[in-house]
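Colleague:
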Amino acid sequence: MYDMKALYEAESVQHAIQLRLEHPEAQIIAGGSDVLVQMREGKRAGKELISIYMIDAMRGVSIDEAENIRIGSLTSFSHITHDPIIQKYINVLGEAVDQVGSPQIRNIGTIGGNTCNGVTSADSASTLHAWEAVVELTGVNGVRRLPIKDFYIKAGVVDIRAEEGEIQTAILIPKVSYENTFGHYIKYGMRNAMEIASLGCSVNVRLSDDKQTIDRCRIAYGVAGPVPMRVPSAEAVANGSAMTEDMVNEFSLAVLNDINPRDSWRASKAFRQHIAVEMAKRALIESIHRAGGEIK
Amino acid sequence: MIVGQREPRVDGYDKATGRTKYYEDRMPANALYVRIKHAEKAHAIVKSIDTSAAMAIPGVVKVLTCFDVPNLPFATAGHPWSMDPGHRDTADRLLLNRHVRYWGDDVAVVIAENEVAANQGVRALEVDYEELPFVLDAQEAMKDGAPQLHDDFPNNILKHTTNIKGNYQEAIKEEGLIKVEGWYDTPTVQHTHIENFGCFAYMENGRIVVVASTQIPHIIRRIVGQAIGRPWGDIEIIKPYIGGGFGNKQDALYEPLCAWCTTQVGGRPVRIDCSREETFVSNRVRHAIRYHIISWLRKDGTFAARKMEVFSNQGAYASHGHSIAAKGLGAFSQHYPCPNIEGDAWTVYTNRPAAGAMRGYGMPQANYSDECNIDDCAKAIGMDPVEFRRLNIMPKGFHDNFSGNTNYYDTYRECMAKGAEIVDYERKRKEYGHDTGNIRRGIGVATFWYNTAVYPISLETSSNRMQLNLDGTVTMQCGETEIGQGADTAYAMMTAEAIGLKSYKDVHVISCQDTDITPTGTGAYASRQTYVAGFSIRQTADLLKEKILKRAQAITRQMPYNMDIVDGNIIRREDKMVLMSLQELAMTAQYDTVNSEHITAESTYTIRNNAYSFGCTFAEVEVDIAMCKAQVTRILNVHDCGKLINPALAEAQVHGGQSMAIGYGLSEQLIFDEKTGKPLNNNLLDYKISTFMDHPRLEAAFIENPEPTSPFGTKSLGEPPACSPAPAIRNAILHATGVAIDRIPINPHVLFAELSKAGLIHDSWLDKEEK
């Protein structure tokens, strides 16, 4: 039995905004795989909840007029993994969220919840950062869009204006970001399932037309800092470079300039740094192979 | 033949379809919720508890604290009672404790109308502590000046025993000996059975009924009586189906507290349901044991002398205590017999959760340490590890005077030979171990020592009742409990075989024990249920058969000697003529208007035997050096557990044990904050049980040498499968990488440290940082 004060069921986005304005202290709940766990632990005991889970308009993947990939915030992880648009344009996102928890969690957990939770270890987060996703928020003043790197403020805190009744309604991947782009995500866990990432690394590349050089490389980590982060030092090494073993090594070592993993009982800083370098290397090599390139 | 066939479980369909009733399915609708306040200090004295805020919460019925409980220290271990006071378990805890001895100790309870109010009540309790220094390590706790947990145990030593053979000190003077020495560390792990512990209690006609998820109902009855100061006859324990126990439920957990709570609320039903977090910390754990082993080898590979020191971390309360460390020490001199042995074992209180029984009862720890040392010995003299074991391991005919056990067959060598052939050991041993790239393959072996029951250390008894039903089937009940291991199915098969029924489906095993009804037995523990129940099944079946044939004599005019029961019919032996069916006999006997009889038999057998049960594991690994990961790519256990009663169930036992042991070797460990003593990962996310994504296909093979002391030729298989996989994996990693890792779990943190130390990982940037 959960210790909740009240549960309000939103029937539409507008209704959710209205409920949020009426109950400013209430917690938004979607699939509940984070919120209910916290409530059970006593962290959110006695709170009011606004459920947005029944708002079907916020569910599903589509291509909008501007050719953005639009992922409704309530889209579940398993839905994303099996969606044909995702599989065609950004398969790595489907692979990344297919590594969340267990099959049951992947059926109930949503990408909106995964990002709104604001934690650095979210399996979707590093890939969304690496693909420069845009977060769509809807409130009483209308729609606001912001780059995902600005959405994350600090550990556990994201830019949602509760006082304006905002909820996250979609995540967008712009065409310029996904066109001709291929990526790979590596999750490092202490076992092969039922894991929270000790470190997550997502790399993607767009090759030159002759497939001889890297036209654009992006790399982002989860758990390498308090929020998911891009690694500009490494990207600078790869961008415009020929695909050689030396470049790959230089690229992977360059991540150490930017990442700042913590020392904790879950993993030491030295261990996370060691793994980060190896993951960058492996993820870049696999991305290049997927893009049809070869390491020389 | 019924015994020896692959048969589905008698409880399989109901369990698979969710129909089976566990304790929560039998819950009275009006049960009050009891929630426990666990101390948030590793070592402290409770000065006061302010209950006023908790009592003010709507729905809270009562708050009881460590200042309210009876002053009746009790022991919790699920051992048979001993008439010898010197052989009893240590009574060192109360229902709720003022002296807090670990983070998670029980200091108060809130009883409420619903779960939310009970949880709110627990959070509202204000406990004032006087903090004391604490100690988490067994060797630290033995030092003078270390924090003391219990008054009667100086230096926190619960018990110290020795195992001496020959003259170690003289023997090591022999010239040319090679010394192979190691310190081996095993972790605190938890059983993590699927169903958390829980129970409920209520009063009926002045007596107390407790329905509990336990392995040992009859023993729990005694402990509840002792803990709350009531005659044992006042207590009725009911054990429904349970979702696993693995030894955690071979202990009185919260049954005594629950029984006492119902007496404090006028006998109303009260329930205690442990959360997973509580189960990890405030039930029981496996002893973390540190071993120091020194082997003195001759160049020909034989042992001149061996020494073992054992430091067993008991945690805060005695529970099963020294029995665990002592078992491993006792095995040390038998497994690889050597004329000169010096062994010492200490079991030491620390401010950690209490350690109790867990599948293998000390042998996964002891086998890990000894099998590490044995592989190190083989390496030291350049001998193949299987060959080295063949040379030194217990021979056929070995007899242990203390237990009376005899090794009737050349079991170890037979098991290793069979395993080596199945996995193609010799080829792989040569082929692997030379990789120089990032992925390195290795194959390793480990053997294990085990026995079956608890004779002669404790009482071994089994009682059994059988009743011939009017349809010719037989209802059977005994005190050895079904805890998921499949005991009921084995009992049905043995009973059908012993009486002469057509099928094991003609036996109805009363699965749920009720101490008011069930013949007294001591429950499920060790690896003894099939072995021990086998004696009373055979004896009681003989009695029942005698009664049946006597009745048949009156009806058929045949002498009992000339009759037998085959396929559910009474036949004449000589010409196999069917005289009548058991159904006809039962009906005729029951509805005889002059001399009616319901045919039953009941008997007790005191078992004064035990049986060795040995085997081995072969494991193959691939180590990804850069990623600091070891993946088991193949694992095979070979067991000689005597005749298999049901090969399908036997394989399932092995698979479960292997799965548990892969976690033990590679990922599982309960860890504690050094600064506060707080457990850090008591949940299923941070405590890394191995999942089936971490396993290869699990393989089992058997050597079926019949056990001569068993009426069914069988012996233990419950715990043995969990004993040897962890050291086999460690030895495979040694083969793959050349790195001997003397602590488990060999998780990525440990691999990172050990591979770095060995120079296989070199992070150039770390040098720069150091400079």
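Chains as they are written, first to last, in our numbering: chain A, 1 to 296; chain B, 1001 to 1771. The beta carbon of each residue, even a glycine, is placed where N, CA and C say it ideally should be.
Would I1439(B) be called buried (16 or more neighbouring beta carbons within 10 Å of its own) or exposed?
Modeller: In the second sequence, counting from the first residue as 1, residue 1439(B) sits at position 439. Classification of I1439(B): exposed, given that the 10 Å Cβ count is below 16.
Colleague: If we count the other Cβ atoms within 10 Å of its Cβ and call it buried at 16 or more, is P1058(B) buried or exposed?
Modeller: Start at 1 with the first residue of the second sequence, and residue 1058(B) comes out as number 58. Looking at its Cβ environment, which holds fewer than 16 other Cβ atoms inside 10 Å, P1058(B) is exposed.
Colleague: Work out the CA separation of I1228(B) and W1260(B) for me, nearest whole Å.
Modeller: Within the second sequence, numbered from 1, the residue matching residue 1260(B) stands at position 260. Within the second sequence, numbered from 1, the residue matching residue 1228(B) stands at position 228. Taking the straight line joining both Cα atoms gives about 6 Å.
Colleague: When you compare the CB of N1747(B) with every CB in chain A, is at least one pair closer than 7 Å?
Modeller: Here residue 1747(B) is taken as the residue at index 747 of the second sequence, counted from 1. N1747(B) counts as touching chain A.
Colleague: Would you identify the three-state DSSP class for V1423(B), choosing helix, strand or coil?
Modeller: Counted from its first residue, the second sequence places residue 1423(B) at position 423. Three-state result, V1423(B): helix.
Colleague: Note down the Cα distance separating E1651(B) from T1714(B), rounded to an integer number of angstroms.
Modeller: Residue numbering aside, residue 1651(B) sits at position 651 when the second sequence is read from its first letter. Residue numbering aside, residue 1714(B) sits at position 714 when the second sequence is read from its first letter. Distance between the alpha carbons of E1651(B) and T1714(B): 15 Å.
Colleague: Rounded to whole angstroms, what is the Cα-Cα separation between T1192(B) and V1281(B)?
Modeller: Locating residue 1192(B) in the second sequence gives position 192, counting from the first residue. Locating residue 1281(B) in the second sequence gives position 281, counting from the first residue. Straight-line Cα distance between these residues: approximately 11 Å.
Colleague: Please work out which residues of its chain come closer than 8 Å, Cβ to Cβ, to I1510(B), disregarding the five sequence neighbours upstream and downstream, and give them in chain order.
Modeller: For the purposes of this step, residue 1510(B) is identified with residue 510 of the second sequence, where counting begins at 1. Hits under 8 Å: T1475, M1476, Q1477, T1518.
Colleague: How should A57(A) be labelled, buried or exposed, when 16 other C-beta atoms within 10 angstroms of its C-beta is the threshold for buried?
Modeller: For the purposes of this step, residue 57(A) is taken as residue 57 along the first sequence, with counting starting at 1. Under this definition A57(A) is an exposed residue.
Colleague: Can you pull the chain B residues whose beta carbon is under 8 Å from the beta carbon of G42(A), in chain order?
Modeller: Taking the first residue of the first sequence as position 1, residue 42(A) is located at position 42. Result: N1119, R1123.
Colleague: When the distance is taken between beta carbons, is N1681(B) closer than 7 Å to E1277(B)?
Modeller: Numbered from 1 along the second sequence, position 277 holds the residue referred to as residue 1277(B). Numbered from 1 along the second sequence, position 681 holds the residue referred to as residue 1681(B). Result no, Cβ atoms of E1277(B) and N1681(B) do not sit closer than 7 Å.
Colleague: With D1273(B) as the anchor, note down where its beta strand (DSSP E) starts and where it stops.
Modeller: Position 273 of the second sequence, counted from the first residue, corresponds to residue 1273(B). Its beta strand (DSSP E) spans residues 1270-1273.
Colleague: I'd like to know if the stretch 1479-1494 of chain B and the stretch 1646-1662 of chain B are in contact, where contact means that at least 3 CB-CB pairs between them fall below 8 Å.
Modeller: With the cut-off at 8 Å, the stretch 1479-1494 of chain B and the stretch 1646-1662 of chain B touch.
Colleague: At a cut of 8 Å, does the stretch 1427-1442 of chain B reach the stretch 1734-1744 of chain B through at least three beta carbon pairs?
Modeller: Cβ pair count under 8 Å is three or more, so yes.
Colleague: At a CB distance below 7 Å, what residues from the stretch 170-198 of chain A approach chain B? Give them in sequence order.
Modeller: Going along the stretch 170-198 of chain A in chain order, one finds M190, R191, N192, A193, M194, I196 with a Cβ nearer than 7 Å to chain B.
Colleague: Hey, how far is the Cα of Q1631(B) from the Cα of I167(A)?
Modeller: The sequence position of residue 1631(B) within the second sequence is 631, counting from 1. The sequence position of residue 167(A) within the first sequence is 167, counting from 1. Spanning the two alpha carbons is a distance of roughly 43 Å.
Colleague: Between the beta-carbon of Y1349(B) and the beta-carbon of L1158(B), is there less than 7 Å?
Modeller: The residue you call residue 1349(B) lines up with position 349 of the second sequence. The residue you call residue 1158(B) lines up with position 158 of the second sequence. Going by C-beta atoms, Y1349(B) is nearer than 7 Å to L1158(B).
Colleague: Kindly confirm or deny that the stretch 1140-1154 of chain B and the stretch 1292-1302 of chain B touch, where touching means at least three C-beta pairs closer than 8 Å.
Modeller: The stretch 1140-1154 of chain B, when compared against the stretch 1292-1302 of chain B, does not touch it at the 8 Å Cβ threshold.
Colleague: So does the stretch 1348-1364 of chain B actually touch the stretch 1242-1253 of chain B, counting three or more Cβ pairs closer than 8 Å?
Modeller: With the cut-off at 8 Å, the stretch 1348-1364 of chain B and the stretch 1242-1253 of chain B touch.
Colleague: Which residues of the stretch 1684-1707 of chain B have a Cβ closer than 7 Å to any Cβ of chain A? Give them in chain order.
Modeller: Those residues of the stretch 1684-1707 of chain B that come within reach of chain A (Cβ to Cβ, closer than 7 Å) are L1685, K1688, S1690, T1691, M1693, D1694.
Colleague: Work out the CA separation of I1293(B) and E1113(B) for me, nearest whole Å.
Modeller: Taking the first residue of the second sequence as 1, we reach residue 1113(B) at position 113. Taking the first residue of the second sequence as 1, we reach residue 1293(B) at position 293. If I take the Cα positions, the gap works out to 55 Å.
Colleague: Mind checking T1593(B): buried by the 16 CB within 10 Å criterion, or exposed?
Modeller: Taking the first residue of the second sequence as position 1, residue 1593(B) is located at position 593. Label assigned to T1593(B): exposed.
Colleague: Decide if V1578(B) is buried, meaning its Cβ has at least 16 other Cβ atoms within 10 Å, or exposed.
Modeller: Within the second sequence, residue 1578(B) is the residue found at index 578, counting from 1. Label assigned to V1578(B): exposed.
Colleague: How big is the Cα-Cα spacing for L253(A) and H1762(B)?
Modeller: Taking the first sequence and counting its residues from 1, one reaches residue 253(A) at position 253. Taking the second sequence and counting its residues from 1, one reaches residue 1762(B) at position 762. Each residue's Cα considered, the two are about 13 Å apart.
Colleague: Select from the stretch 269-289 of chain A all residues with a C-beta closer than 9 Å to any C-beta belonging to chain B, and list them in chain order.
Modeller: Residues passing the 9 Å Cβ filter: A270, F271, Q273, H274, I275, V277, E278, M279, K281, R282.
Colleague: I want to know whether the stretch 174-188 of chain A touches the stretch 123-139 of chain A - three or more CB-CB distances under 8 Å.
Modeller: The stretch 174-188 of chain A vs the stretch 123-139 of chain A: in contact.
Colleague: How many Å lie between M1001(B) and M1494(B) at the Cα?
Modeller: Position 1 of the second sequence holds residue 1001(B). Position 494 of the second sequence holds residue 1494(B). Cα to Cα, the separation comes out at about 10 Å.
Colleague: Just list the residues that DSSP pairs T1161(B) with in beta bridges.
Modeller: Numbered from 1 along the second sequence, position 161 holds the residue referred to as residue 1161(B). Partner(s): A1345(B).
Colleague: For the putative contact between M1580(B) and L1470(B), defined by C-beta atoms under 8 Å, what is the C-beta separation to the nearest angstrom?
Modeller: Translated into positions along the second sequence, residue 1580(B) becomes position 580. Translated into positions along the second sequence, residue 1470(B) becomes position 470. At roughly 14 Å, the Cβ-Cβ gap does not stay under 8 Å, so M1580(B) and L1470(B) are not in contact.
Colleague: Going by beta carbon distance, what residues of the same chain come within less than 7 Å of G1244(B), once the five residues before and after it are set aside?
Modeller: Numbered from its first residue, the second sequence carries residue 1244(B) at position 244. Excluding positions up to five away in sequence, the list reads H1193, I1194, E1195, I1483, G1484.
Colleague: Using the beta-carbon count (16 or more within 10 Å), is I1164(B) buried or exposed?
Modeller: As a working mapping, residue 1164(B) is identified with position 164 in the second sequence. Exposed is the call here.
Colleague: Of the choices C1372(B), N1373(B), S1323(B), V1310(B), whose alpha-carbon is the least far from that of E1342(B)?
Modeller: Taking the second sequence and counting its residues from 1, the one referred to as residue 1342(B) is at position 342. Comparing Cα-Cα distances from E1342(B) to each of C1372(B), N1373(B), S1323(B), V1310(B), the minimum goes to V1310(B).
Colleague: Mind listing, in chain order, the continuous beta strand (DSSP E) runs of no fewer than 3 residues lying wholly within the stretch 113-162 of chain A?
Modeller: Listed in chain order, they are 134-139, 142-147, 152-154.
Colleague: If you compare alpha carbons, which of H1434(B), I1457(B), I1036(B), Y1432(B) is closest to G1404(B)?
Modeller: The residue given as residue 1404(B) occupies position 404 in the second sequence. Measuring from the Cα of G1404(B), the nearest candidate turns out to be I1457(B).
Colleague: In angstroms with no decimal places, state the Cα-to-Cα distance between N192(A) and M1693(B).
Modeller: Position 192 of the first sequence, counted from the start, is the residue given in the question as residue 192(A). Position 693 of the second sequence, counted from the start, is the residue given in the question as residue 1693(B). Spanning the two alpha carbons is a distance of roughly 6 Å.
Colleague: Does the CB of W1765(B) have a neighbour CB from chain A at under 7 Å?
Modeller: By 1-based counting over the second sequence, the position of residue 1765(B) is 765. Cβ-Cβ to chain A under 7 Å: yes for W1765(B).
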